[in-house]
Each structure stands twice: as C-alpha cells, then as structure tokens.
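First the structure, in the form of structure tokens, and then the observations on it.
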Amino acid sequence: MHKAPIVLAIDTPELTTAIEWVKATQDYISVYKLGLEFFLTFGSDGVKAIKAVTDSDIFLDLKLHDIPHTVSGAAKAVAHLAPRYLTVHASGGAAMIRAAVDALPATHVTGVTILTSLSEDDVSEIGFKSSALVTAVGLAKVATSAGAGAIVCSPLEIAAIRAAIGIDPIIITPGVRPADSSVVDDQVRTMTPKAAIETGANLVVIGRPITQSWKLGAAAMRDRSAQIASELI
Ligand code: C5P
Numbered sequence: 121m122h123k124a125p126i127v128l129a130i131d132t133p134e135l136t137t138a139i140e141w142v143k144a145t146q147d148y149i150s151v152y153k154l155g156l157e158f159f160l161t162f163g164s165d166g167v168k169a170i171k172a173v174t175d176s177d178i179f180l181d182l183k184l185h186d187i188p189h190t191v192s193g194a195a196k197a198v199a200h201l202a203p204r205y206l207t208v209h210a211s212g213g214a215a216m217i218r219a220a221v222d223a224l225p226a227t228h229v230t231g232v233t234i235l236t237s238l239s240e241d242d243v244s245e246i247g248f249k250s251s252a253l254v255t256a257v258g259l260a261k262v263a264t265s266a267g268a269g270a271i272v273c274s275p276l277e278i279a280a281i282r283a284a285i286g287i288d289p290i291i292i293t294p295g296v297r298p299a300d301s302s303v304v305d306d307q308v309r310t311m312t313p314k315a316a317i318e319t320g321a322n323l324v325v326i327g328r329p330i331t332q333s334w335k336l337g338a339a340a341m342r343d344r345s346a347q348i349a350s351e352l353i
C-alpha cells in the first residue's frame with residue numbers, strides 16, 4: 121500500500137512516544153508534523169531522532185512571523201534539517217514569505233492563512249476587513265504569489281482557495297475528522313479526510329483520531345492509521 125496523503129500531528133510532550141508513534145504508523149503516513157512544543161522542547165536533535173526512524177517527510181510547524189530578515193535567518197537555521205514543509209504566517213506579508221522561500225529553496229514554504237481557532241468575530245476584532253473565508257483566500261494568494269509552495273487552510277476554505285490559486289500549490293487542511301471518529305475535542309466545523317481531498321486538498325492533517333489509539337498499543341495505532349489511509353488511497 122502507498123503512503124496516504126496524511127500529515128500526522130505528533131502532539132506529545134515525550135520524545136520516546138513521538139518516535140514510537142512514527143515507527144507504528146510510517147508505512148501509511150506521508151508526512152509528520154512537528155510543532156512548536158516539540159521543537160522548543162527537543163530542538164534539532166529531536167527532529168533528527170524522528171528522521172532517523174522514517175523516510176516520510178517532515179512538516180516543521182513553526183508558524184514563523186517576523187520581519188523578513190529575521191524570518192530568513194530562522195529559516196536558514198533549520199535548513200540542515202531539510203524539512204519538506206515549513207510554516208510561516210501568510211499575514212507576515214509578501215516580503216517575509218519571499219525571504220523564507222529564498223532562504224529555503226528546497227522546502228515548501230507553507231503559508232498559514234487564518235487559524236482555524238478564530239471565529240468570525242475574532243477575525244473582525246483583529247482588524248481584517250472581510251470574512252474569514254475572503255481573508256483566507258486573499259492570504260493564500262499573497263503567499264503563493266510570493267513563492268510559497270503550499271498553504272494551510274480550513275476545510276471550508278479549500279474550494280474557494282483552490283479556485284483562486286490554481287492547481288499547483290499544495291493545499292493542506294487540518295480540521296478533518298474521520299466519519300467514525302469518537303474524538304470529542306475542539307474541532308467544530310469539520311469535514312471527513314476523503315471529502316477534504318475530493319474538495320481540492322492535497323494533504324489532510326490528522327492528530328488525535330489516530331494518536332489516541334496509542335493507548336491500546338502500537339499494533340492498534342498501526343491498524344488505525346492503515347484504516348484511515350485506506351479511505352484515501
Ligand atoms: O485535532 P487534531 O488532533 O486532529 O489536530 C491535529 C493538528 O491540527 C493540530 O496539531 C493543530 O495544528 C491542528 N488543529 C487546527 N485546528 C483545530 C485543532 C487542531 O488547526 N481546531
């Protein structure tokens with residue numbers, strides 16, 4: 121079986137657990153997402169420890185957002201880890217995104233549009249003049265025009281963003297839930313992974329619907345990732 125277009129979110133405070141999760145699932149998972157908590161705790165050595173047990177891609181979810189010079193330096197600082205994806209906030213603007221792209225030509229600099237945790241009221245309060253959807257489309261255009269190879273958006277924004285940015289940029293979406301998911305959590309407006317891919321996403325970010333099976337053991341987690349993967353390939 122091929123690896124499925126799934127980004128597995130490695131959200132755990134323990135490096136040994138992170139490594140076990142990757143070992144258990146890597147036959148089926150294309151990309152592993154290592155976030156700020158992971159990177160600030162385990163640093164480059166932690167990323168290398170993950171890379172040592174898999175040939176799947178690394179998605180470094182650092183959501184950089186600063187002046188272009190600083191973002192360029194930060195991107196160069198992780199170049200030796202050769203992440204396939206590195207996130208920046210698209211609202212940092214075209215010059216900042218371009219600085220990351222120039223610093224890391226072999227990485228898909230990935231523009232985060234609107235955080236899925238923000239409500240319409242939040243988006244307005246921050247100062248965006250349009251709805252979350254219209255703002256996300258605009259930010260996706262800014263990011264891809266500045267050279268970002270990928271963007272992150274909510275499933276509800278996939279269709280409009282795909283129409284706006286064309287077929288080439290990679291669209292990555294969290295906020296997906298398998299139809300049989302029993303995970304009760306903070307994802308409110310969701311889509312199934314299959315529906316997200318059919319709507320135009322290239323990769324879906326999944327965390328707890330797979331990682332919660334770890335409490336039943338490595339074989340259960342492997343089976344769960346295989347099951348969700350089989351719905352996508
Ligand atoms: O909810 P789940 O565990 O599947 O989340 C996986 C990843 O999706 C998280 O690491 C987070 O980056 C992202 N997420 C999100 N919006 C949410 C919940 C999670 O973008 N409401």
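Per the numbering used here: the sequence shown ends with 353, consecutive numbering throughout.
For glycine and all other residues, C-beta sits at the position ideal for the given N, C-alpha and C.
Only a predicted model underlies this, so the values are computations on that prediction, with no experimental measurement involved.
* A283, buried or exposed, once every other Cβ within 10 Å from all chains shown has been counted against 16 -> On the sequence shown, residue 283 is found 163 positions in, with the first residue counted as 1. When all chains shown are included, A283 counts as exposed.
* Asked: Going by other Cβ atoms of all chains shown within 10 Å of its Cβ, with 16 needed for buried, is T331 buried or exposed?
  -> Working through the sequence shown from its first residue, we reach residue 331 at position 211. Around the beta-carbon of T331, 16 or more other beta-carbon atoms lie within 10 Å, marking it buried.
* To do: Give the straight-line distance between the Cα atoms of L276 and G193, rounded to the nearest whole angstrom.
  => By 1-based counting over the sequence shown, the position of residue 276 is 156. By 1-based counting over the sequence shown, the position of residue 193 is 73. Going from the Cα of L276 to the Cα of G193 covers about 34 Å.
* Check the DSSP bridge columns for D181 and list the partner residues they point to. => The residue labelled residue 181 in the question sits at position 61 within the sequence shown. In the DSSP output, where bridge partners are listed per residue, D181 has G155.
* **Residue environment, D165, which counts as buried when at least 16 other CB atoms sit within 10 Å** => Locating residue 165 in the sequence shown gives position 45, counting from the first residue. By the 10 Å Cβ count, D165 comes out exposed.
* To do: Take the Cβ of I246 as the centre, count every other Cβ of all protein chains shown within 10 Å, and call the residue buried at 16 or more, exposed below.
  => To locate residue 246, count along the sequence shown from 1; it is residue 126. By the neighbour-count rule (16 or more Cβ atoms within 10 Å), I246 is not buried but exposed.
* Residues that DSSP places opposite I293 in a beta bridge -> Here residue 293 refers to the residue found at position 173 when the sequence shown is read from its first residue. First, the residue type needs correcting, since residue 293 is Thr and not Ile in the sequence shown. T293 pairs with V324.
* Every unbroken beta strand (DSSP E) inside the stretch 190-233 [3 residues or more] -> 205-209 and 228-232
* Just tell me which of A138, S176 and M216 has its CA closest to the CA of S265. => Translated into positions along the sequence shown, residue 265 becomes position 145. Of A138, S176 and M216, the residue nearest in Cα terms is M216.
* Out of V257, V254, I234 and K261, which has the shortest C-alpha to C-alpha gap to A214? -> If you number the sequence shown from 1, residue 214 lands on position 94. Considering only alpha carbons, the answer is K261.
* Asked: Roughly how far, in whole angstroms, is the beta-carbon of Y152 from the beta-carbon of A124, given that I think they are within contact range, below 8 Å?
  -> By 1-based counting over the sequence shown, the position of residue 152 is 32. By 1-based counting over the sequence shown, the position of residue 124 is 4. In fact, because the Cβ distance is near 13 Å, the residues do not count as touching under 8 Å.
* If you pair each beta-carbon of the stretch 228-245 with each one of the stretch 189-208, do three or more pairs fall below 8 Å? -> Segments in contact, yes.
* Regarding V325 and the ligand C5P, is the C-beta to nearest heavy atom distance less than 7 Å? -> Here residue 325 corresponds to residue number 205 of the sequence shown, with the count starting at 1. Within the cutoff, so yes.
* Asked: For P188, which residues from the same chain have a beta carbon less than 6 Å from its beta carbon, with the 5 sequence-adjacent residues on both sides left out?
  -> Locating residue 188 in the sequence shown gives position 68, where the first residue counts as 1. Only A215, M216 and A219 meet the Cβ criterion.
* Which class does S333 belong to by DSSP, given the choice of helix, strand or coil? -> Against the sequence shown, residue 333 aligns to sequence position 213. In this structure, S333 counts as helix in the three-state DSSP scheme.
* Go ahead and pull the three-state DSSP assignment for V243. => If you number the sequence shown from 1, residue 243 lands on position 123. It is helical.
* **Assigned exposure category for I287 - 16 Cβ within 10 Å defines buried** => Here residue 287 refers to the residue found at position 167 when the sequence shown is read from its first residue. Exposed, because fewer than 16 other Cβ atoms sit within 10 Å of the Cβ of I287.
* Asked: Are the Cβ atoms of I178 and V191 separated by less than 8 Å?
  -> Counting from one through the sequence shown, the residue named residue 178 turns up at place 58. Counting from one through the sequence shown, the residue named residue 191 turns up at place 71. Contact: no.
* **Own chain partners of T319 with C-beta closer than 6 Å, once the 5 adjacent residues on each side are dropped** => Taking the first residue of the sequence shown as 1, we reach residue 319 at position 199. The answer, listed in chain order, is I278 and A279.
* Asked: Beta carbon of R344: closer than 7 Å to some heavy atom of the ligand C5P?
  -> On the sequence shown, residue 344 is found 224 positions in, with the first residue counted as 1. Flag unset: Cβ of R344 not near the ligand C5P.
* To do: Determine the closest residue to I271 out of V324, L224 and L238, with distance taken between C-alpha atoms.
  => As a first step, residue 271 is located in the sequence shown; it is residue number 151 there, counting from the start. The residue with the shortest Cα to Cα distance from I271 is V324.
* CB contact flag (A223, A256, <8 Å) -> As a first step, residue 223 is located in the sequence shown; it is residue number 103 there, counting from the start. As a first step, residue 256 is located in the sequence shown; it is residue number 136 there, counting from the start. No; because the gap between Cβ atoms is not below 8 Å, this pair is not in contact.
* **Span separating the alpha-carbon of V254 from that of K314** => Walking along the sequence shown from the start, residue 254 turns up at place 134. Walking along the sequence shown from the start, residue 314 turns up at place 194. Rounded to whole angstroms, V254 to K314 spans 24 Å at the Cα level.
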